[in-house]
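Q:
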């Protein structure tokens, strides 16, 4: 807890110091010109059975983000992102909660050798993997990505992250036609040190986790959309008894103008939260894989998408499967309306549940 307080205090001092570098006579117009504001929210209508609830029939707000970026200087950017969600447990069950998802200072660096557009984030920051994956699988509105959904870790934490493209950038034609996310010619890289428990947890031990991601374009000249990825984590779960947490994962992805596909697998022990343990408080092993695909229907604003997740915990003591399929209508840039069905089965408990969803994602 003490280290968390120190980290938060240091972050606050760092950000305040950066903001204080603004000249006292800056007028309001100049201040506003250096601010970018954007947002994203997810609304859903759910009908069926999910998460142990046999009869679901409700409209929910899954998430709501307001992103504020302030350019402090040529190389310094401050970011703060409030996160609106609904409390699903405790005394505040059903309450709409407001918390911070991101609050960090971005320090941009000059190119160095193979490193292109490198930068640091310090504070409440992106972790290396999930934010990256969500730029390939754009269906966060349907639900969280594979590793987050099986509760290995989440997407943000207190700490410091270093990110860089590798070997320059892909040409603008590819970026405009396919994707401009992390457009390194040879790939991209991220590494960081974190409290480990995630953005909505306090630090309960003195351990820190090291997490990383490496993405490589092996055929950048002929198949720039093909990437091979590695993600890893090493540390201890965020619990008083500090169980081990180790993760090794790999993914192959291909992005084109009309379609994108991914195939990933992983193995590990424990998780970032420290609660995947046995009766002796020892971290348990687990493994799994996930497949995802999207196809954009020609001359329309429609796309089809599907996903399959398989998870095996503690060498077969737990085993689950998930199948997701749906159709999306894209509008106003990256906003979309989804209709999907999520089928989840637990082999050990011999249960199967399915839920129909109409989801709206609005970006601005």
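In this note's numbering, the protein residues as written are 1 to 364. Using N, Cα and C, we set each Cβ at its ideal position, and we do this for glycine too. Note that the structure is predicted; figures quoted are calculated from it, not measured.
Under 7 Å, do residue 97 and residue 87 count as touching if we go by C-beta distance?
A: In contact: residue 97 and residue 87 (Cβ atoms closer than 7 Å).
Q: Quick check on the burial criterion: 16 or more other C-beta atoms within 10 angstroms. Buried or exposed for residue 240?
A: Result: exposed.
Q: May I have the straight-line CA-CA distance separating residue 334 from residue 237, to the nearest angstrom?
A: Computed Cα separation, rounded: 35 Å.
Q: Let me confirm a value: residue 125 is counted as buried when at least 16 other C-beta atoms fall within 10 Å, else exposed. Which label applies?
A: Buried, by the Cβ-count rule.
Q: With a 10 Å radius around its C-beta and 16 neighbouring C-beta atoms as the bar for buried, classify residue 101 as buried or exposed.
A: Residue 101 is buried by the Cβ-count criterion.
Q: Take residue 109 and list the residues in its own chain whose beta-carbon comes closer than 7 Å to its own, dropping the five residues that flank it on each side.
A: The residues are 118, 119.
Q: Taking DSSP's pairing of strands, which residues face residue 156 in a bridge?
A: DSSP, once it has assigned bridges, lists 126 as partnering residue 156.
Q: Residue 205 to residue 242, Cα distance in whole Å?
A: Whole-angstrom Cα-Cα distance: 7 Å.
Q: Could you give the distance in angstroms between the alpha-carbon of residue 22 and the alpha-carbon of residue 71?
A: Summary for residue 22: the model assigns pLDDT 47, below 50, so the residue's position carries little reliability; its value from the coordinates is reported in the next sentence. For residue 22 and residue 71, the distance between alpha carbons rounds to 10 Å.
Q: Leaving out five residues before and five after residue 322 in sequence, what residues of the same chain have Cβ atoms less than 6 Å from its Cβ?
A: Excluding sequence neighbours, residue 322 sits near 309, 344.
Q: Can you find the residues in the same chain that come closer than 7 Å, C-beta to C-beta, to residue 169, ignoring five residues on each side of it along the sequence?
A: Excluding residues within five positions, the ones whose Cβ falls inside 7 Å are 116, 183, 184, 185.
Q: Taking residue 302 as the reference, which of 329, 225, 320, 203 has the closest Cα?
A: Among 329, 225, 320, 203, the Cα nearest to that of residue 302 belongs to 329.
Q: Indicate whether the contact test is met: 3 or more Cβ pairs, each with one atom in the stretch 351 to 364 and one in the stretch 144 to 164, closer than 8 Å.
A: Judged by Cβ distances under 8 Å, the stretch 351 to 364 makes no contact with the stretch 144 to 164, as fewer than three pairs qualify.
Q: What's the gap between the Cα of residue 65 and the Cα of residue 38?
A: Cα to Cα, the separation comes out at about 8 Å.
Q: Would you call residue 24 buried or exposed, if buried means 16 or more other Cβ atoms sit within 10 Å of its Cβ?
A: Caution applies to residue 24, whose pLDDT of 46 falls short of 50 and renders its modelled position unreliable; the value that the coordinates give is listed next. Per the 10 Å Cβ criterion, exposed.
Q: Which of the three DSSP states, helix, strand or coil, is assigned to residue 149?
A: DSSP places residue 149 in helix when its eight states are reduced to three.
Q: Return the bridge partner residues of residue 213 from the DSSP annotation.
A: Beta-bridge pairing links residue 213 to 190, 231.
Q: Spatial neighbours of residue 452 within its chain, please: CB distance less than 6 Å, with the 5 preceding and 5 following residues excluded, ordered by chain position.
A: In this structure the chain extends from 1 to 364, so residue 452 is not present and cannot be described.
Q: Rounded to whole angstroms, what is the Cα-Cα separation between residue 135 and residue 181?
A: Their backbone Cα atoms lie some 6 Å apart in a straight line.
Q: Which term fits residue 35, buried or exposed, when burial requires 16 or more other beta carbons within 10 angstroms of its beta carbon?
A: It is exposed - the Cβ of residue 35 has fewer than 16 other Cβ atoms within 10 Å.
Q: Kindly indicate which three-state DSSP category residue 142 falls into: helix, strand or coil?
A: The answer is coil: DSSP assigns residue 142 none of H, G, I, E or B.
Q: Buried or exposed: where does residue 229 fall if 16 or more other Cβ atoms within 10 Å of its Cβ makes it buried?
A: So residue 229 ends up on the buried side.
Q: Given a cut-off of 7 Å on the beta-carbon distance, is the pair residue 356 and residue 123 in contact?
A: Cβ atoms of residue 356 and residue 123: not closer than 7 Å.
Q: Whose CA, out of 278, 296, 250, 292, lies closest to the CA of residue 258?
A: Per the Cα distances, 296.
Q: Would you say residue 139 and residue 358 are within 7 Å of each other, going by their C-beta atoms?
A: In this structure, residue 358 does not lie closer than 7 Å to residue 139 by Cβ.
Q: Rounding to the nearest angstrom, what Cα-Cα distance links residue 253 and residue 131 in this structure?
A: In a straight line, the C-alpha of residue 253 is about 15 Å away from that of residue 131.
Q: With DSSP collapsed to three states, give me the class of residue 342.
A: Residue 342 falls in the strand class under three-state DSSP.
Q: So, with DSSP's three-state summary, where would you put residue 34?
A: Three-state result, residue 34: coil.
Q: Helix, strand or coil for residue 57 per DSSP?
A: Residue 57: strand per DSSP, three-state reduction.
Q: DSSP puts residue 44 in a beta bridge; with which residues?
A: Its beta-bridge partners are 60, 359.
Q: Check whether the Cβ atoms of residue 270 and residue 311 lie closer than 7 Å to each other.
A: The answer is no: Cβ separation not under 7 Å.
Q: Taking all protein chains shown into account, decide if residue 275 is buried (16 or more other Cβ within 10 angstroms of its Cβ) or exposed.
A: Burial call: exposed.
Q: Strictly by DSSP, which residues pair up with residue 287?
A: DSSP lists 267, 312 as partners of residue 287.
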